[in-house]
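Below is one structure, written out as structure tokens, with a few remarks after it.
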Amino acid sequence: MKRALDLALRGAYHAVPNPSVGCVIVYQDRIIGEGFTSTYGGAHAEINALQSVRPEDKNLLPFSSVYVTLEPCAHYGKTPPCAIRLVNEKVKAVFIGVLDPNPKVSGKGVSLLVEAGISTHIGLLEKECRHHHRHFLKSMRTKRSYVTLKWAESADGYVAPPSNALEQQNITWISTKWSQQFAHKLRAQHAAILIGSHTYFIDNPSLTNRQWAGKSPFRFIITRNADKFISLSRNDLKDFGILEINDSQQQHALQATSHIATIIRAKNLLEALEHLYTAGFRSLMIEGGSNTLQSFIACGAWDEAYVFKASKKLHQGTQAPKLSDLKPLGKSEADVVWHTLNTSF
Ligand code: AOF
Ligand code: ZN
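Written as structure tokens, this is what we have:
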């Protein structure tokens, strides 16, 4: 199952919004097949693993065990059900990391296997599989986008120098090549990314993934007033979504204009996350600025946070968001990543 988890990580950058599942087929301590979920809409992990079995090993399948990080699916979606394919291949045993909460699957995949007489085991390395599939599992349960916060701060707790320092090009960079690449990896793992309108107008970051495998997330700007963006005729906005949070908002509206890809309106952040989920965005990464990040923290609307703590000091500037309970995750020469999972949201 450890190998299946390693494989699942390799699919994580292109399977979104599908969960990236890993699958290994073993005959007497020898791996005869392995695979992971293809790009969204493509083959599931189990099918890829079966496909990889060499013709001369095919006759070993009835004596082989299948290790899969998520319950094999039971529905006709973009592809036929994996559980039925495993039954048809007459595999001997199936070891499952975690059950699939998708109502189309949930327990039905297991039933198909058990009814066919396949020895079926649930919960192998369950904790690790749950962690790997956390975007999928939690968003499926809560029916809202899984939120990951990310920012970089100086040793003395600032995210940016004062604006006059920027004008004078007197900048101390608090991110390093390593932390930038880590951030691009996070971008690749998320369906969407969000910044505040201030960050959009001042920094205008590309928000694309250029330093890791996989695709770039869909970009959103959060604002209190979407009309401000509708009246702007900026070419780059055609690839952005606008997320308007306005408590006087009467109704949720999903709208596209000629120069903005989509506009989602909501009364508050929680409602916005539900609308984003319904619109197909299972995961959302918040990349700043500080006020935007703090507004998600203030209402507890976040699931996970990554904070890059630089060794340099800025002495003044924009204060970093405040979050307690961060624990060190990784280290390079200049940065430490502090990380936490929010278990109460
Ligand atoms: C599996 N193996 O590798 C994955 C599964 O739209 P579809 O047809 O691709 O189905 C997507 C659903 O299938 C997804 O919501 C989840 O329940 C399950 N994902 N299942 O057996 C896989 N990625
Ligand atoms: Zn499947």
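Per the working numbering, the very first residue in the sequence shown carries number -16; after that it's consecutive. Note that the Cβ used here is the ideal one computed from N, Cα and C, for glycine as well. This structure is a prediction, so every number in the text was calculated from the model and none was measured.
#1: Can you list, in chain order, the residues of its chain with a C-beta nearer than 8 Å to that of D286? Leave out the 5 residues immediately preceding and following it.
#2: How about S294 and A138: are their beta carbons less than 9 Å apart?
#3: Using 10 angstroms around the beta-carbon of A(-5), count the other beta-carbons present and answer buried if the total reaches 16, otherwise exposed.
#4: Can you give me the C-alpha to C-alpha distance between L53 and Q299, rounded to a whole angstrom?
#5: Only counting the same chain, and skipping five residues up and downstream in sequence, which positions put a Cβ closer than 6 Å to that of S158?
#6: Keeping to the same chain, check which residues put their C-beta closer than 8 Å to that of Q11; ignore five residues upstream and five downstream.
#7: Taking 8 Å as the threshold, find out whether the region -5 to 9 comes into contact with the region 90 to 109 through three or more Cβ pairs.
#8: Is DSSP giving F203 helix, strand or coil here?
#9: Rounded to a whole number of angstroms, what is the C-alpha to C-alpha distance between I101 and R37?
#10: Grouping DSSP H, G and I as helix and E and B as strand, with all else coil, what is W285?
#11: In this structure, does DSSP put Y260 in helix, strand or coil?
#12: Between A66, K73 and I30, which has its C-alpha nearest N42's C-alpha?
#13: If you follow the alpha helix (DSSP H) that G(-6) is in, where does it begin and where does it stop?
#14: Compare the C-beta of N218 against all C-beta atoms of chain D and say whether one is closer than 9 Å.
#15: Let's test the definition: count the other Cβ atoms within 10 Å of the Cβ of K87 and tell me whether it reaches 16, buried, or not, exposed.
#16: Find out if the Cβ-Cβ distance for the pair W321, K296 is shorter than 9 Å.
#17: For G263, which of G271, N192 and F119 has the nearest alpha-carbon?
#18: Check whether the Cβ atoms of V(-1) and R202 sit closer than 9 Å, and answer yes or no.
#19: Who are the Cβ neighbours of H(-3) in its own chain at under 6 Å, not counting the five residues just before and after it?
#20: Please confirm whether A26 and A(-9) have their CB atoms less than 9 Å apart.
#21: Can you pull the DSSP bridge partners for M123?
#22: Relative to the C-alpha of T206, which residue among S199, D219 and I228 is closest?
#23: Nearest CA to the CA of N147: which residue from I185, Q164 and I14?
#24: Using alpha carbons as the reference points, say which of S189, F223, F78 and R124 lies closest to L107.
#25: For L(-12), which residues of its own chain have a beta-carbon under 8 Å away from its beta-carbon, when the five flanking residues on both sides are left out?
#26: Who sits around the ligand ZN, taking every residue whose Cβ is closer than 5 Å to one of its heavy atoms?
#27: Please find out if some non-hydrogen atom of the ligand AOF comes closer than 8 Å to the beta-carbon of E17.
#28: Give me the Cβ distance between H181 and G283, rounded to the nearest whole Å; I'm assuming they're in contact under 8 Å.
#29: Check the DSSP bridge columns for S266 and list the partner residues they point to.
#30: Starting from L220 and walking both ways along the beta strand (DSSP E), at which residues does that stretch end?
#31: Pop quiz: L309 and H173 are said to be a contact at Cβ under 8 Å. What is the actual Cβ separation, rounded to whole angstroms?
#32: Measure from the alpha carbon of N274 to the alpha carbon of each residue in A249, A255, L253 and P304, then state which is nearest.
The relevant details are as follows:
#1: Answer for D286: R117, K121, Y129, V130, T131, L324, N325 and F328, listed in chain order.
#2: Contact: yes.
#3: buried
#4: 48 Å
#5: If we look at S158 and ignore the five residues flanking it on each side, its Cβ neighbours are A135.
#6: F46
#7: no
#8: strand
#9: 22 Å
#10: Residue state for W285 is assigned as coil, using DSSP reduced to three classes.
#11: Under the three-state reduction of DSSP output, Y260 falls in the helix class.
#12: K73
#13: Note, G(-6): alpha helix (DSSP H), K(-15) to G(-6).
#14: In the structure shown, chain D cannot be found, because there is only a single protein chain.
#15: exposed
#16: no
#17: For G263, the closest of G271, N192 and F119 by C-alpha to C-alpha distance is F119.
#18: no
#19: T22 and G197
#20: no
#21: Answer is none; M123 lacks a bridge partner.
#22: I228
#23: Among I185, Q164 and I14, the Cα nearest to that of N147 belongs to I185.
#24: F78
#25: G5, T52, G80, L108, E111, C112 and H115
#26: H27, C56 and C65
#27: no
#28: At roughly 22 Å, the Cβ-Cβ gap does not stay under 8 Å, so H181 and G283 are not in contact.
#29: S266 pairs with Y129.
#30: Note, L220: premise wrong, no beta strand (DSSP E); not H, not E.
#31: In fact, because the Cβ distance is near 20 Å, the residues do not count as touching under 8 Å.
#32: P304
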